[in-house]
Amino acid sequence: MAACRAEAHGSEQAWLEAAQAFIEETLCPPGKEPDVQLTQLVIDCVKTVWLPQGRNQGLTLPLSYSFVSVKDLRTHQRLPCCSHLSWSSTAYQTWAKEAGPRGVPLPRERLLLLGTLTDLSGDLEQECRNGSLYIRDNTGTLGCELIDLDLSWLGHLFLFPSWSYLPPAMKSSGEGHLELWGAPVPVFPLTISPGPLTPIPVLYPEMASHLLRHRSKHRNVQPNLAGELVRLSALVTSRRKAYFILSLGGSSPVGSHVSVIVQIPAQLVWHRALWPHKAYVLTELRASKLPGHRYRIWMTSPSSRLLPLKPECVRELELELEGAPLETNPQPLPILSNPQDKKGPGPDGLVRDSRLLSYTGTVTGTLNQPAGLYELDGQLGLCLAYQQFRGLRRVVRPGVRLELQDVHLLQSMGGGTRRPMLAPCLRGAVLLQGFSRLMPETQSSHRTPGASLYEQLVWEHQLGLPLYLWASKALEELACKLCPHVLRHHQFLQHSSPGNPSLGLQILAPTLEVLVPPGCPGRNTHNEILEEPHHCPLQKVLLGILVPSSRKGCLRLQDQSGSLPCLLLAKPSQPLADPGLIGCLVRAERFQLVVERNVRSSFPSWKELSMTGFMQKKQARVYVQIFLADALILSVPRPVLHSATSSRPPLTEPSLPEGPHIGQSRLFLLSHKEALMKRNFCVPPGASSEVPKPTLSFLVLGSWLGGTQRKEGTGWGPPEPREGENSDQKVLLIFVSSSVRWFEFLHPGQVYRLVVPGPPTPMLFKEGGSSCLSLRPPELAGYASCLTVQDEWTLELASSQDIPEVLGVSRALPESSLTDLLSGNLTDSLVSFSAEILSHLWIKPGSSGATRRCVKLTVALETADCEFPPHLDIYVEDPHLPPPRGLLPGARVYFNQLEKKVSRSHNVYCCFRSSTYVQVLSFPPDTTISAPLPHIYLAELLQGEKAPFRATASCHVVLVFSLQLLWVCAHCTSICPQGRCTRQSPACPTQTSISQASIRLLVEDGTAEAVVTCRNHQVAAALGLCPSEWTSLLELVRGPGTVALQFTGPGAQPESSAKTDEPLTLFLWTLCTSFSVLRPIVLSFELEKKPSKIIPLEPPRLQRFQYGESLFPTRVNPRIRLSCLSIQEPEHPSALGALVSSC
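This is the structure in structure tokens:
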């Protein structure tokens, strides 16, 4: 026992000596004698925290703990950790288990941390304070976060019993930070300042607000302001000056509020000590006028103090205000209310606003950390990009609990997410309620850089939340495709400056220029926080009057600022057919903003994308897609409609939903609608001798239902008898000039009423000269009635009471059979089908065999009897360019009367013609998650049209046929040895070269063989090279400019464009014949040629295989030609052998 006590005494003595040495080095003022009292106070402080746990172990000192300095943490602690001095091991294990199964808790280190809590970093001057907190000792300073700051703690030495440390990310130039979990323990007793000897004279918000606006003898006084904190803004840095604004209110919820701006550097740390709904006193304020703000505001002075409000320590100051108010009374700040308490839409509710609320929740996921996108409580999105949250960024991770004050709630913002989004602007504050006990997530490399680029999107390009979410998603997907094989992440996501452009921003620039034109005013931070009604970038809700275009035949949403084309569907598979919606107010929070760009250029490289000399033509088409089921539709009286568009010329559309007082009408069933395009029409006799120009128009085919009806009061009289008319009289309606405004409302299978205002005209709906029909094709010969719809005529959607005789008529859209579509029979060359669009590409002349500029749509046919839908190409050429809106990847579309053709290589494809009708059935889904490719055997690809076009197969690389690596001029594609273009006359305008690569492989899976073509970064995967090895290989090829190898068979010498004895050629030959390349892989691919029924499948060929001296004749299926999509390594390489053996 004596030996044990002696050993324990020796351990305690060694611990005390180490503690004394540490305190003298890190805490005692440098250059002075050791402070024995300081050492004893520190040890007593440690004992006080430790003893409740130490008694259970029979110890008086935490011998397992060691002291750590700021420098030691920054230099040696490479992994995140936590330390809890007062916790037992059981307490820590319980705490760690509460982290849940999805996360890894912070590991525990037994470290003792002491330091001075300060808002000064190092030896910085007072003017450089920015509201941040630090822990300082003699070895340095380290940033820290504290949940509930007491301002009396600043400048004092503390023991921090519970904390966590997060070092900077790997290869990052940043610094780590501390998270202080509990209240620090002071080493020296804190001096409690006594209350004032006499009550402090204060003004309450109502009187303080009046004093700001009156010319009074009290105007120059520096009053003290008391009240409850009702609003706290974000800490903002604008024009190199940091500040925040708080608002104090009275006890009554309807009382006045008054705002105070705090911008004294030493007072910025108050932002961490303020909590909503607590009462405070601000002393020695002064009135000031902010630049760009209408009203005067209270401002703190250098001598101002922040005190808790104690009723017994204050008295209200009574002032008599003289003179007239200098300023009108600004609107009071609104009190936060429950969103469900808002009234329904009315004249005052048609404001572009989002809901403001307060919310407390836990971060449960990181969606895009550089972009400031997180998941909250597993069901909400959180966007912090609209605040300057650089300091908060290092703290926010799964497990952090946040209190969001005055945060915007926005529904269905798109950008790849359907969840509601919470987004605070500068008016609201994000307050820490609790730190995370989880280790930081291991971010993929493409998410680490780029925070400053995302800040540019918000602060310089002024993107609203829907556009910001779209841009963030686009940058993320582009980075996944380009990095790290093609570009480095820092190149793609770097901050864009005048001499150093960011590739990511240059790719988005043409779109951003259309959506956010240059010259848009920047964010006025003062007004964003103070102005009522509140305006900020987060309040962009789509709102406008639905107006048809008489010039282009499209629908538009219009307000005082302009108009925006739109594509509307009532709901999926139900087109917009009611013209009565014209003039209605449409308010949509959920919509898709589409930007179609047509760029013709000679792109040299991403570094010269902004040079106009390489741009031949730039066009953009911007529109929105809306389901009316997701929108609010309100009828607007004519005076309101006129005021909504009063800043623009009056609407010329005679189509507002008010019927004529006198007139006649007739019902017709629409059977077919032709394309909206420019057409030539016959010139009536006696017209001008000038050659007529093609006119935008469309034609409608249908049948009259009943006879002519005349206006009777507010309704229509009975149909007139149809004397001498057939029961099924067909009609051809020509819509030209301003009547093209009806194009978006007319759809086959619907019944409409054609209304002609004015006195009745006998035989009006029976007119139609033969000249109108002489230019029509023979299939229209049965249409006896031909009418040109006049500008003043209107259309109405017929009600069910008007059309009892056609209620049983089937309105299903006609579709061709799959056999007719894919066969080579051109007897009936017009086909109709529904399909999902897979790709939408502009094809320039000379590429892909195209002779003219066109758009190529690749679609997947919708068929019920086929497991894998066949793919088909549709070409859109002039005069149908640009193609109709809504033909986007992911959209479902019905095509009627496309012309089927067969190419010279026996591929079936389709083309638009003048009679083609297109109806969008559904918009692309908001999420971009695609279904996984089917996993098949290669032999299944020999089933013709039943085979999938894209699939995945587990196979083995048998042979490399060819390999080509080259550097070409980005402008003229000439070979570039040493990175220099070889073209001489004329010389290239740029000397930028890009790498190209291709490889052809023979693969088999035991059922069939396939020749696979891989390109560019796919070649790296085929060769089994990591990104750094691939980059090194391309740099070696840069010297000769090109290396090409041809392999004629196993064991044969390669045919090379370079000398075969060169090290690079030998290396590539060795690599291509090694098991690093000839290995099992998981191949994702698509067919080089689409299947059809025109060419019969090639039968198996007889091939002889020799084994020893024996020959074995075997029927072998023909080799399939595939294009590689991706190559992955198999999870279980041995599984491939089992697969082959089972065949």
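So the working numbering is basically just the index in the sequence shown, starting at one, shifted up by 8. Ideal Cβ placement from N, Cα and C applies to all residues, glycine included.
(message) Tell me whether the region 279 to 295 and the region 235 to 245 touch, counting them as touching only if at least three CB pairs, one residue from each stretch, are closer than 8 Å.
(response) yes
(request) For I155, name the three-state secondary structure that DSSP assigns. (result) The answer is coil: DSSP assigns I155 none of H, G, I, E or B.
(message) Below 8 Å on the Cβ atoms is my contact criterion, and I expect L589 with I641 to pass it. Report the Cβ-Cβ distance as a whole number of Å.
(response) 7 Å
(request) Identify whether N535 lies in helix, strand or coil by the three-state DSSP scheme. (result) Helix at N535.
(request) Grab the span of the beta strand (DSSP E) containing M685 for me, first residue to last. (result) Residues 685 to 687.
(request) Just the C-alpha distance for P922 and L896, rounded to the nearest angstrom, thanks. (result) Per the sequence shown, residue 922 should be read as Ser rather than Pro. One C-alpha to the other measures close to 21 Å.
(request) Have a look at the DSSP bridge pairing and note the partners of A1. (result) Any property of residue 1 remains undetermined from this structure, which presents the chain solely from 9 to 1151.
(request) Please classify S930: does DSSP put it in a helix, a strand, or coil? (result) DSSP places S930 in strand when its eight states are reduced to three.
(message) Between R221, P887, Y173, L971, which has its C-alpha nearest T703's C-alpha?
(response) P887
(message) Bridge partners for N376 per DSSP, in chain order?
(response) L381
(request) Pull up the distance between the alpha-carbon of A482 and that of L501, whole angstroms please. (result) 12 Å
(message) Suppose only complete runs of 3+ residues qualify. What are the beta strand (DSSP E) ranges in the region 542 to 581, listed by chain order?
(response) Correct list: 550 to 556, 563 to 567, 570 to 579.
(message) Does P765 come out as helix, strand or coil in the three-state DSSP assignment?
(response) strand
(message) Could you tell me the alpha carbon to alpha carbon distance between H416 and E536, rounded to whole angstroms?
(response) 13 Å
(message) By the DSSP assignment, the beta strand (DSSP E) with G671 in it spans what residues?
(response) 671 to 681
(message) Cutting at 7 Å between CB atoms, please list the residues of its own chain near Q419, excluding the five before and the five after it.
(response) Within the same chain, and ignoring the five residues on either side of Q419 in sequence, the residues whose Cβ sits closer than 7 Å to its Cβ are P428, E597, R598.
(message) Can you tell me whether R559 is buried or exposed? The criterion is at least 16 other CB atoms within 10 Å of its CB, across all chains shown.
(response) exposed
(request) Just confirm the distance between the C-beta atoms of L120 and V78, as a whole number of angstroms; I'd bet it's less than 8 Å. (result) That pair is no contact at about 13 Å.
(request) Determine the direct distance from the alpha carbon of R595 to that of L565, and round the result to whole angstroms. (result) The alpha-carbon atoms of L565 and R595 are separated by roughly 10 Å.
(request) State the CB to CB distance for the pair V408 and G442, rounded to an integer number of angstroms; the pair is presumed to be in contact (CB under 8 Å). (result) 7 Å
(request) On a CA-only basis, which of R435, R116, L162, Q514 is nearest P541? Give me that one, please. (result) Considering only R435, R116, L162, Q514, the residue with the shortest C-alpha distance to P541 is R435.
(request) Could you tell me the distance, in whole angstroms, from the CA atom of W975 to the CA atom of P509? (result) 23 Å
(request) Tell me, to the nearest whole angstrom, how far the beta carbon of V195 is from that of L167; I am working on the premise that it is less than 8 Å. (result) 6 Å
(message) Quick check on T368: does DSSP put it in helix, strand or coil?
(response) strand
(request) Buried or exposed for T981, please, with buried defined as at least 16 other CB atoms from any protein chain shown within 10 angstroms of its CB. (result) exposed
(request) List the residues that DSSP assigns as beta-bridge partners of R988. (result) BP columns for R988 are empty, so no partner.
(request) Give the range of the beta strand (DSSP E) segment to which L924 is assigned. (result) A quick correction: the sequence has Thr, not Leu, at residue 924. Note, T924: premise wrong, no beta strand (DSSP E); not H, not E.
(message) Rounded to the nearest angstrom, what separates T124 and L114 at their Cα positions?
(response) 25 Å
(request) Over the uninterrupted alpha helix (DSSP H) stretch that includes I1080, give me the two end residues. (result) Here residue 1080 is Cys; the residue named in the question, Ile, does not match the sequence. That run of the alpha helix (DSSP H) goes 1071 to 1080.
(request) Would you be able to state if there are at least three C-beta pairs under 8 Å between the region 958 to 967 and the region 718 to 730? (result) no
(request) Tell whether a beta-carbon distance below 8 Å holds between G561 and F751. (result) yes
(request) For I1135, name the three-state secondary structure that DSSP assigns. (result) strand
(message) Distance check for T102 and N376, CA to CA, integer angstroms please.
(response) Cα to Cα, the separation comes out at about 31 Å.
(request) Within 10 angstroms of the Cβ of L24, are there 16 or more other Cβ atoms? Answer buried if so, exposed if not. (result) That one is exposed.
(message) In this structure, how does DSSP classify C53 when only helix, strand and coil are distinguished?
(response) helix
(message) Rounded to the nearest angstrom, what separates A22 and L69 at their Cα positions?
(response) 11 Å
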